[in-house]
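So the structure is just underneath, and the comments pick up after that.
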Amino acid sequence: MTEERSLNFLEEIIEQDLQSGKHQQIVTRFPPEPNGYLHIGHASSICLNFGLTQRYPGYTNLRFDDTNPTTEETEYVDSIKQDVRWLGFEWKHERYASDYFDTLFNYACKLIDRGLAYVDDLTPEEIAAQKGTPTQPGVDSPYRSRTIEENRDLFLRMKAGEFPDGARTLRAKIDMTHLNMLMRDPILYRIKHAHHHRTGDKWCIYPMYDFAHGQSDSIENITHSICTLEFVPHRELYDWLIKKLEIYPSHQYEFARRNINYTVTSKRKLLQLVQEGHVNGWDDPRMSTISGLRRRGYTPESIREFCSRIGVAKRENLVDVGLLEFCVREHLNKIALRRMVVADPLLITLTNHSGEVEWLNSENNPESETAGNRQIPFSNQLFVERSDFMEVPPKKFFRLAPGQMVRLKSAYIIRCEEVIKDDRGEVIELKCTYFPESKSGSDTSGLSVKGTLHWVSRAQAVPVELRLYDRLFSVEDPTDSEADFKSFLNPESLQVVKSAYAEPALAEATLTDRFQFLRQGYFVLDKDSTPEKLVFNKTVGLKDAWAKEVKKG
RNA sequence: UGACCCAUGGUGUAACGGUAGCACUACAGAUUUUGGUUCUGUCUGUUAAGGUUCGAAUCCUUAUGGGUCAACCA
């Protein structure tokens, strides 16, 4: 049962805390802001936070950081919950920072009473101007020395709605010359007369991230508050507030967010792609969102495996999307039902076949003995893949060519006897003969062929739509240059095959089935399917050694 | 001209002062009724310079490189 995998730096910290008796159990939280859909980067954080409390005693909360009513919506709350569950995790408590607005307000009053916070009348521009720069100290606001009574009165009136948006803020009184910009009297509360998705119109002042996140952690007795590296400078303020408020001392730990090449993982950028119509919604199968990956056919198992393999550390990184693809292939290879679909059909007529339909047996999955078999029809007119024929084949082309033999998967060996072309010289049909004694499973022909092709019987073929995807961006890191990341969108990221031919068994496909279309890739039924027209999304292609060979020349 | 974080093959991640390992990728081969899978093998790495030590990827110093910080966003 014991894993051999070595500990990451957070597991090391936790094991020390447990051994030293600092904690008997650990409490973590996954804290999304409900202003967008979760993406693969969040999956990493989810697996980390929930994985830690599966491994060690304790539990994980789901907490929505909903302190900015102008960007947050219930739609996002619902999608986030669905995605976390789909990934296979269940939270102990569902919480919202907005649950704590009353407590937070009281905390703010406490700081005022202790002379540690003040109401400032400066405009955003003025505050920015007196804040200084990373290399220059800031200067005190003229309102910094208001009396406690005055601050209290003003803050209450802010809450009462007496002032318009942006008129005043509540700021912590720390040090305007601090080397850490975040310690230069950070804003704690701002006025926003906005409707909140949970508290409605009860509040017109809302706490800032720094005055909500750490306090919420503390209220929930979070022992290990795990976030990404860009919050490192916030830790000093996180600790300062907890100390001055004398509340439960949660601790913040930071790890490097995972970046993946040929995509973007930024809610802001993903939102742009959706709003500007570069993709068809948050769950477009090309998106790096959890919902997009789900629709694309990725499994929760494969995403969890990916997160486990890329690990947790503190250095900048750009993970190869090839690893994600490896993980999904690895899983799908074990569970996907094998089916035959011809995307670009070339007609084959067997000149020595009667035309009577014969039902042949084929395994659903050679990797799984329990997957069983299915029947596929065989007759004298078949479709094979156009790319599996070449009139003038190169060396080592183990497929169809004039005079050349191949096996049809789970069926018979055939030989190409004649090539039929239309007026334009386009190949439209192959006349072939088959060897009746070469039937799969009872082959007495003595023939041996190097290539095996997928095929479908023309008469029973079911027309289906195939959606083939390529990477959304044509460069590894679309955010790396000055240029707009959208200028690197791959124009060929979606290719639709309107009418491919599928074997009849596929007519019964359901949304939860996973398929491997032989020699092509893994596919999943799309929600756009209708009884008349099935639509399949390509999850990922099979490795293609021949394509590599061709490329080499 | 500041503070903070970081630095191991192409990529990701281990080695906790004692043989630089694992995975992905790439390449070569075997098997194969999927040019898939599986199996075998090969290539490639400690940013640099000093110091401490019998011994340094690991500890110290400096340099170099990358990242973060000046939203009433989170």
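In the numbering used here, the protein residues as written are 15 to 567. Think of the CB as a built atom: it goes at the ideal place given N, C-alpha and C, for glycine as much as any other residue.
The bridge partners DSSP lists for Gln509 are Leu482. When DSSP states are grouped into helix, strand and coil, Leu76 belongs to the strand group. Its chain contains Ile304, Arg308, Pro314 as the residues whose beta carbon lies nearer than 8 Å to that of Trp100, once the 5 sequence neighbours on both sides are disregarded; these appear in chain order. The secondary-structure analysis by DSSP pairs Val356 across a beta bridge with Tyr515. Beyond the five residues adjoining it in sequence on each side, Gly146 comes within less than 6 Å, by CB distance, of Gly152 in the same chain, given in chain order. Looking at Ser59, Pro48, Gly72, Asp97, the one whose alpha-carbon comes closest to that of Asp79 is Pro48.
CA-to-CA, the gap between Trp105 and Met197 works out to about 33 Å.
For the alpha helix (DSSP H) assignment, the uninterrupted runs of no fewer than 4 residues enclosed by the region 311-354 are, from N- to C-terminal side, 314-324, 335-349. Here Cys218 carries a coil assignment [DSSP, helix/strand/coil].
The alpha carbon of Lys512 has as its nearest neighbour, out of Gly460, Ile362, Ser452, Ala357, the alpha carbon of Ala357. Contact annotation: the region 409-427 touches the region 453-468, with at least three C-beta pairs closer than 8 Å.
Bounds of any alpha helix (DSSP H) do not take in Lys423, whose DSSP letter is neither H nor E. Asn387 has Glu377 as its beta-bridge partners, per DSSP. Boundaries of the alpha helix (DSSP H) around Val91: 88-100.
Around the beta carbon of Ile434, fewer than 16 other beta carbons lie within 10 angstroms, which makes this residue exposed. Phe23 counts as exposed, since fewer than 16 other beta carbons sit within 10 angstroms of its beta carbon.
With the rule of 3 Cβ pairs closer than 8 Å, the region 482-499 counts as touching the region 263-277.
Of the residues assessed, Arg310 falls on the buried side of the cut-off, its CB having 16 or more other CB atoms within 10 angstroms. Taking 8 Å as the cut-off, the Cβ atoms of Ala131 and Lys187 count as close.
Here Ser471 is near Ser393, since their CB atoms are less than 8 Å apart. A residue is called buried when at least 16 other Cβ atoms come within 10 angstroms of its Cβ; Pro380 does not meet this threshold and is exposed. The count of Cβ pairs closer than 8 Å, one atom from the region 438-450 and one from the region 358-378, reaches three, so the stretches are in contact. In the structure shown, the three-state DSSP call for Val564 is helix. Ile261 is the residue among Ser232, Ile261, Lys36 whose C-alpha sits nearest the C-alpha of Lys124. Going by DSSP, Ile240 is part of the beta strand (DSSP E) stretching over 238-242.
In the three-state scheme derived from DSSP, where H, G and I count as helix and E and B as strand, Gln289 is classed as helix. In the three-state DSSP reduction, Lys281 falls in the helix class (H, G or I). Look at the region 136-223 and you find these whole runs of alpha helix (DSSP H), each 4 residues long or longer: 138-144, 162-174. In this structure the region 194-210 does not touch the region 233-245; the number of beta carbon pairs closer than 8 Å is below three. Boundaries of the beta strand (DSSP E) harbouring Asn551: 548-555, taken from the DSSP string. Residue burial is scored here from C-beta neighbours: His227 has at least 16 other C-beta atoms within 10 angstroms and is therefore classed as buried. By the neighbour-count definition (other C-beta atoms within 10 Å, threshold 16), Gly567 is an exposed residue.
Taking C-beta separations shorter than 8 Å and ignoring five residues to either side along the sequence, the partners of Lys557 in its chain run Arg343, following chain order. Pairing Ser239 with Tyr267 gives a Cβ-Cβ distance under 8 Å.
Looking at the backbone, the Cα of Leu285 and that of Val420 are separated by about 49 Å.
When C-alpha distances from Glu29 are compared across Leu66, Asp154, Ala559, the shortest belongs to Leu66.
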